[in-house]
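**Student:**
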Amino acid sequence: MGLALLCFAVNAKATVINIELDKPSYETNEVISARFIVDNYQDGLAGFLLNLSFLPNQLGFIDVTFGRQFTPFSDVNLTTVVDNNGTLYIDEANLYDNYMDLAALQQGAITLATVRFTALVTGVHNLNIDNAELWDAVTNGNIQNFSTNSANILVKAASNPVSAPASALLLLPALWFMRRRRV
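Whatever position you read off the sequence shown (first residue = 1), add 3 for my numbering.
1) Determine the direct distance from the alpha carbon of A140 to that of I132, and round the result to whole angstroms.
2) The beta strand (DSSP E) with A96 in it runs from where to where?
3) Going along the chain, which residues of its own chain have a beta-carbon closer than 7 Å to the beta-carbon of Q109, five neighbours each way excluded?
4) Starting from E33 and walking both ways along the beta strand (DSSP E), at which residues does that stretch end?
5) Tell me whether D195 sits in a helix, a strand or coil according to DSSP, three-state version.
6) Exposed or buried, which one is L105 when buried takes at least 16 other CB atoms within 10 Å?
7) Please name the residue or residues paired with S56 in a DSSP beta bridge.
8) Which term fits T90, buried or exposed, when burial requires 16 or more other beta carbons within 10 angstroms of its beta carbon?
9) Let me check understanding here. Comparing Cα to Cα, which of S150, N88, T31, S162 lies closest to N43?
10) Tell me, which residues are paired with R119 by DSSP?
11) Would you check if the distance between the CB atom of D66 and the CB atom of T82 is smaller than 8 Å?
12) Can you name the start and end residues of the beta strand (DSSP E) that K159 belongs to?
13) Could you give the DSSP three-state label for D104: helix, strand or coil?
14) Would you mind working out which of A37, E33, Q147 sits nearest A116, comparing C-alpha positions?
15) Can you give me the C-alpha to C-alpha distance between L130 and F120, rounded to a whole angstrom?
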């Protein structure tokens with residue numbers, strides 16, 4: 004019986020909403036792309052809701068692109084994006100396609116949305132999921148017992164390129180010295 008419980012515990016994976024950044028660090032005024040992914044849910048999602056928080060003097064909101072894993076046949080999903088100066092409300096719901104079609108499209112990691120920001124100042128900036136809901140495609144009810152992660156975004160000062168002197172200018176002193184020796 005203990006072995007059976009151990010096998011079950013090893014195979015059971017909790018559903019998690021992760022934030023995946025496109026790069027490990029950024030420079031000021033660079034675009035940050037944060038992808039919100041659901042791992043380990045296989046029964047079909049009909050929709051989601053995310054409330055994100057960030058400091059608007061550190062990260063400037065640009066836009067949201069919704070994932071394609073909620074639209075097997077119908078492109079008529081209900082979506083909402085509200086930017087309230089540091090709180091971002093995003094949701095999407097598919098009320099038209101059946102759960103089997105959604106589950107077939109959502110094998111593996113499910114991309115909920117990709118949110119883009121501009122890095123405004125240097126430092127380590129937090130992007131938090133303050134509230135999240137996932138809706139099951141079978142019952143259209145809330146899924147319980149999942150976890151969320153936050154992201155720390157490292158922004159460095161923009162590097163200024165140092166101009167290199169032209170190669171010919173480096174040779175001028177040598178040419179001058181050689182000419183002087185001949186004379």
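Yeah, the Cβ is synthetic: ideal placement off N, Cα and C, and Gly gets one too.
**Tutor:** Short version:
1) Here residue 132 corresponds to residue number 129 of the sequence shown, with the count starting at 1. Here residue 140 corresponds to residue number 137 of the sequence shown, with the count starting at 1. About 22 Å.
2) If you number the sequence shown from 1, residue 96 lands on position 93. That run of the beta strand (DSSP E) goes 90-96.
3) Taking the sequence shown and counting its residues from 1, one reaches residue 109 at position 106. Same-chain partners within the cutoff: G47, L48, Q72.
4) Here residue 33 is taken as the residue at index 30 of the sequence shown, counted from 1. No beta strand (DSSP E) holds E33; DSSP gives it neither H nor E.
5) A query on residue 195 cannot be resolved here, the shown segment of the chain reaching from 4 to 186 and no further.
6) Working through the sequence shown from its first residue, we reach residue 105 at position 102. When all chains shown are included, L105 counts as buried.
7) Here residue 56 corresponds to residue number 53 of the sequence shown, with the count starting at 1. S56 pairs with T90, N131.
8) As a position in the sequence shown, residue 90 is number 87, starting the count at 1. When all chains shown are included, T90 counts as exposed.
9) What you label residue 43 is simply residue 40 of the sequence shown in a count that begins at 1. Among S150, N88, T31, S162, the Cα nearest to that of N43 belongs to S150.
10) Start at 1 with the first residue of the sequence shown, and residue 119 comes out as number 116. For R119, which the question treats as bridged, DSSP gives the partners S36, D66.
11) Locating residue 66 in the sequence shown gives position 63, counting from the first residue. Locating residue 82 in the sequence shown gives position 79, counting from the first residue. No, they are not a contact pair.
12) Taking the sequence shown and counting its residues from 1, the one referred to as residue 159 is at position 156. K159 -> beta strand (DSSP E) spans 154-159.
13) Along the sequence shown, one-based indexing puts residue 104 at 101. In the structure shown, D104 sits in a helix (DSSP, three-state: H, G or I).
14) Residue mapping note: residue 116 aligns to position 113 of the sequence shown, counting from 1. Checked all of A37, E33, Q147; the closest Cα to A116 is A37.
15) As a working mapping, residue 130 is identified with position 127 in the sequence shown. As a working mapping, residue 120 is identified with position 117 in the sequence shown. The alpha-carbon atoms of L130 and F120 are separated by roughly 10 Å.
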